[in-house]
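Novice: In the working numbering, the protein residues as written are 46 to 478. For reference, the structure I am asking about is given below.
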């Protein structure tokens with residue numbers, strides 16, 4: 046053992062070495078921990094340990110597991126995938142050990158998030174992280190921290206104006222070995238001013254460069270609206286107005302022209318899957334008539350005030366996965382001074398939602414997210430606070446009763462917030478009628 050240990054130390058220092066303890070008792074783990082304390086191993090971890098056993102292991106010493114490799118073979122958990130969970134650096138303990146030894150603590154490990162099988166064959170995490178309204182000044186850190194918290198799906202868009210910064214967060218996490226590119230599921234969207242067939246690929250390549258990746262796991266048409274092209278060198282993101290102020294100029298590009306260009310992205314390896322956002326039933330019916338590659342997903346506004354059950358039924362019948370955005374209803378829109386968003390009872394403060402949460406020892410946000418996922422949808426909540434990131438990610442570890450699901454669905458009033466005319470006056474932009 047001594048010769049092997051010294052050989053490993055001599056060959057690999059200062060590169061990190063991970064020792065995986067397979068089936069060791071807590072005493073055995075303590076022995077392996079000693080290697081880290083003496084600088085012989087920079088990382089230790091465990092494999093195939095149950096949550097209870099990991100908890101036991103965590104209590105046996107100061108140097109804690111940096112990784113936990115596990116699978117969940119029970120029937121209830123068969124939908125979960127093989128999983129690597131990585132922990133976070135604990136700087137406060139670094140002075141206890143040699144400078145070349147990194148100490149880790151296994152906190153709330155990266156959760157095993159169930160995935161949804163898309164019609165393209167790809168596996169999409171059911172819980173992702175939305176990037177709308179994430180300020181560019183903090184976007185890099187937000188994405189980096191979200192990856193550490195366990196998020197693997199990131200939902201971005203040209204119009205959010207933060208893709209380059211989000212890409213920096215991804216690059217940092219990959220560089221530090223927290224995650225590999227292939228473990229991430231990066232989503233972006235085609236903005237309205239790039240719907241002309243010859244504009245699609247160039248803007249996608251720009252977005253890929255901003256993210257610092259070679260392909261998108263999923264690329265969506267953001268809105269079923271074609272607007273006149275605005276050169277990115279003039280204004281980026283271009284927004285809704287041609288002049289950046291008030292003028293709306295439609296383009297003559299058809300959805301079919303745009304979709305054909307989207308299909309070429311898959312053929313060229315620039316996107317693994319393609320889909321649509323903010324499409325209603327009639328547009329889906331039309332798209333499916335000519336699509337060579339069927340949309341893998343449909344992203345829609347979805348919350349108890351806007352259930353859209355008929356649209357969900359259509360998507361299910363056609364094998365199209367659905368992702369919900371704005372799961373908390375008016376919460377995301379109150380800052381825009383929308384009258385109906387201001388007047389409606391905030392769902393996060395609703396007494397009924399809060400009472401349901403108390404039954405399960407969950408907060409209102411977790412209840413609303415679980416309502417959506419139990420209905421089969423993927424979700425993309427966001428937060429810049431680490432505690433909320435983890436709380437949202439942990440919204441899958443309980444089941445609402447059928448009665449509670451019906452109660453929440455009973456909030457439906459058909460109220461939509463993400464209607465362009467709610468942001469500015471535009472008579473010809475009533476996208477949803």
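Backbone N, C-alpha and C define an ideal beta-carbon position, used for all residues, glycine too.
Below 8 Å, how does it come out for the region 333-350 and the region 278-292: are there three or more Cβ pairs, yes or no?
Specialist: Too few Cβ pairs lie closer than 8 Å, so no.
Novice: In or out: residue 234 buried (at least 16 other Cβ within 10 Å) or exposed?
Specialist: So residue 234 ends up on the buried side.
Novice: In chain order, what residues of the same chain have a beta carbon less than 6 Å from the beta carbon of residue 402, not counting five sequence neighbours either side?
Specialist: For residue 402, where only same-chain residues beyond five positions count, the Cβ hits under 6 Å are 408, 409 and 412.
Novice: Use the C-beta contact count for residue 459: other C-beta atoms within 10 angstroms, 16 or more gives buried, fewer gives exposed.
Specialist: Exposed, since its Cβ has fewer than 16 Cβ neighbours within 10 Å.
Novice: Can you give the Cα-Cα distance for residue 371 and residue 338, rounded to whole angstroms?
Specialist: The alpha-carbon atoms of residue 371 and residue 338 are separated by roughly 28 Å.
Novice: Buried or exposed, going by whether 16 or more other CB atoms sit within 10 Å of the CB of residue 461?
Specialist: By the 10 Å Cβ count, residue 461 comes out buried.
Novice: Run through the DSSP bridge pairs and tell me what residue 363 is partnered with.
Specialist: In DSSP, residue 363 forms no bridge with anything.
Novice: List the whole-angstrom C-beta distance separating residue 256 from residue 222, where the pair is believed to meet the contact cut-off of C-beta under 8 Å.
Specialist: Not confirmed; about 19 Å, so no contact.
Novice: Compare the Cα-Cα distances from residue 157 to each of 446, 231 and 440 and report the closest residue.
Specialist: Checked all of 446, 231 and 440; the closest Cα to residue 157 is 440.
Novice: Could you name each continuous alpha helix (DSSP H) segment of 4 residues or more that falls completely within the region 232-265, going from the start of the chain to the end?
Specialist: Counting whole runs of 4 or more residues, the region 232-265 contains the alpha helix (DSSP H) stretches 242-256.
Novice: On the three-pair Cβ rule with 8 Å, is the region 184-201 touching the region 432-449?
Specialist: The region 184-201 vs the region 432-449: in contact.
Novice: Out of curiosity, what's the CA-to-CA distance linking residue 179 and residue 207?
Specialist: Their Cα atoms are separated by approximately 7 Å.
Novice: As a quick exercise: from 261, 419 and 304, pick the residue whose alpha carbon is nearest that of residue 369.
Specialist: Ranking the options by Cα distance to residue 369, first place goes to 419.
Novice: Alpha carbon to alpha carbon, how far is residue 191 from residue 424?
Specialist: Using only the alpha carbons, I get a separation of about 15 Å.
Novice: Within the continuous alpha helix (DSSP H) that includes residue 434, where are the two ends?
Specialist: That run of the alpha helix (DSSP H) goes 431-438.
Novice: I'd like the span of the beta strand (DSSP E) that includes residue 276, first residue to last.
Specialist: Careful: residue 276 lies outside any beta strand (DSSP E) and carries neither H nor E.
Novice: Determine the closest residue to residue 175 out of 238, 299, 373 and 421, with distance taken between C-alpha atoms.
Specialist: It is 373.
Novice: Taking C-beta to C-beta, are residue 261 and residue 300 nearer than 8 Å?
Specialist: No, the Cβ-Cβ distance between residue 261 and residue 300 is not below 8 Å.
Novice: In the DSSP assignment, the beta strand (DSSP E) including residue 186 goes from what residue to what residue?
Specialist: Premise fails: residue 186 lies in the alpha helix (DSSP H), 181-194, not in any beta strand (DSSP E).
Novice: Please report how far the alpha carbon of residue 303 lies from the alpha carbon of residue 477, in whole angstroms.
Specialist: Approximately 20 Å, taken between the alpha carbons.
Novice: Starting from residue 344 and walking both ways along the beta strand (DSSP E), at which residues does that stretch end?
Specialist: Per DSSP, residue 344 belongs to the beta strand (DSSP E) from 342-346.
Novice: Give the single residue among 240, 209 and 249 whose Cα lies nearest to the Cα of residue 272.
Specialist: Considering only alpha carbons, the answer is 240.
Novice: What would DSSP say about residue 168, mapped onto helix, strand or coil?
Specialist: It is a strand residue.
Novice: Near residue 210, which residues of its chain fall below 6 Å by C-beta distance, leaving aside the five closest residues on each side in sequence?
Specialist: Hits under 6 Å: 181, 184 and 185.
Novice: Can the beta-carbon of residue 454 be found less than 8 Å from the beta-carbon of residue 352?
Specialist: Against a cut-off of 8 Å, the Cβ pair of residue 352 and residue 454 comes out as a contact.
Novice: Below 8 Å between beta carbons: does that hold for residue 317 and residue 167?
Specialist: Their beta carbons are under 8 Å apart, which means residue 317 touches residue 167 by this criterion.
Novice: Identify, in the order they occur along the chain, each residue of the same chain with its Cβ nearer than 6 Å to the Cβ of residue 298, setting aside the five sequence neighbours on each side.
Specialist: Only 240, 241 and 271 meet the Cβ criterion.
Novice: Quick check on this structure: which residue in 452, 431, 430 and 415 has the alpha carbon closest to the alpha carbon of residue 443?
Specialist: Comparing Cα positions, the closest option is 415.
Novice: Hey, quick one: how far does the alpha helix (DSSP H) through residue 401 stretch, first residue to last?
Specialist: 396-405 is the extent of the alpha helix (DSSP H) around residue 401.
Novice: Shortest alpha-carbon distance to residue 252 belongs to which of 205, 268 and 279?
Specialist: Checking every option, the nearest Cα to that of residue 252 belongs to 205.
Novice: Which value, in whole angstroms, describes the spacing of the CA atoms of residue 400 and residue 254?
Specialist: When rounded, the distance between both Cα atoms is 46 Å.
Novice: Within the continuous beta strand (DSSP E) that includes residue 317, where are the two ends?
Specialist: Segment 316-322, the beta strand (DSSP E) holding residue 317.
Novice: Helix, strand or coil: how does DSSP classify residue 351 here?
Specialist: Residue 351: strand per DSSP, three-state reduction.
Novice: Considering only their Cβ atoms, is the gap separating residue 342 from residue 366 smaller than 8 Å?
Specialist: Yes, they are a contact pair.
Novice: Indicate the three-state DSSP secondary structure (helix, strand or coil) for residue 162 in the structure shown.
Specialist: If DSSP states are grouped into helix, strand and coil, residue 162 belongs with the strands.
Novice: Answer with buried or exposed for residue 323, where buried requires no fewer than 16 other C-beta atoms within 10 angstroms of its C-beta.
Specialist: Buried, because 16 or more other Cβ atoms sit within 10 Å of the Cβ of residue 323.
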